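Visitor:
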Amino acid sequence: TPSRPCPSTALVSFGMGFAILGAVSASVGLLLIKSGGQLEADLPWYRRRRWLLGFLMQAGVSALTDTVAYSVCPLSLISPLAGLTIAFSALWAMLGVVRGIH
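This is how it looks when you write it as structure tokens:
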């Protein structure tokens with residue numbers, strides 16, 4: 001059976017960069033969802049701007065970047081980067097990037 005050719009180093013770096021971008025987007029999205037739920041609790045869900053922006057970043061941007069990353073980079077290199085979402089979320093919360101979340 002013919003073996004699959006190895007992807008180039010530039011393509012692998014591109015895919016890993018997209019995976020890291022997806023982790024950053026997901027972590028900021030999670031923090032915006034949480035702060036939107038706390039700071040805009042009196043509004044219905046469809047009027048919570050922070051919540052909607054966080055959902056878009058968590059679901060939309062992260063899914064798009066992960067799709068690109070998985071299509072150009074081996075899964076064995078991308079899967080360890082999934083833990084970056086938690087690390088970035090903790091970093092943003094510690095630095096107080098989103099008001100009201102510690």
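Residue numbers (the numbering used here): 1 to 102. Virtual Cβ for every residue (Gly too), placed ideally from N, Cα, C. What you are looking at is a predicted structure, and each value in this text was computed from that prediction instead of being measured.
(1) I need the straight-line Cα distance from G29 to V97, nearest angstrom please.
(2) What residue range is occupied by the uninterrupted alpha helix (DSSP H) comprising G29?
(3) So is L31 buried or exposed if we call it buried at 16+ other beta carbons inside 10 Å?
(4) Helix, strand or coil for A68, going by three-state DSSP, please let me know.
(5) Three Cβ pairs or more, each shorter than 8 Å: is that satisfied between the stretch 16-25 and the stretch 74-94?
(6) Could you tell me the alpha carbon to alpha carbon distance between W51 and L77, rounded to whole angstroms?
(7) Work out the CA separation of R49 and G36 for me, nearest whole Å.
(8) How long is the line joining the alpha carbons of G11 and Y70, rounded to whole angstroms?
(9) What are the boundary residues of the alpha helix (DSSP H) that G54 is part of?
Guide: Once the coordinates are examined:
(1) 12 Å
(2) T9 to L39
(3) buried
(4) In the sequence under discussion, the amino acid at residue 68 is Val, which differs from the Ala named in the question. V68 falls in the helix class under three-state DSSP.
(5) yes
(6) 31 Å
(7) 7 Å
(8) Checking the displayed sequence, the identity of residue 11 turns out to be Leu instead of Gly. In a straight line, the C-alpha of L11 is about 11 Å away from that of Y70.
(9) R49 to F55
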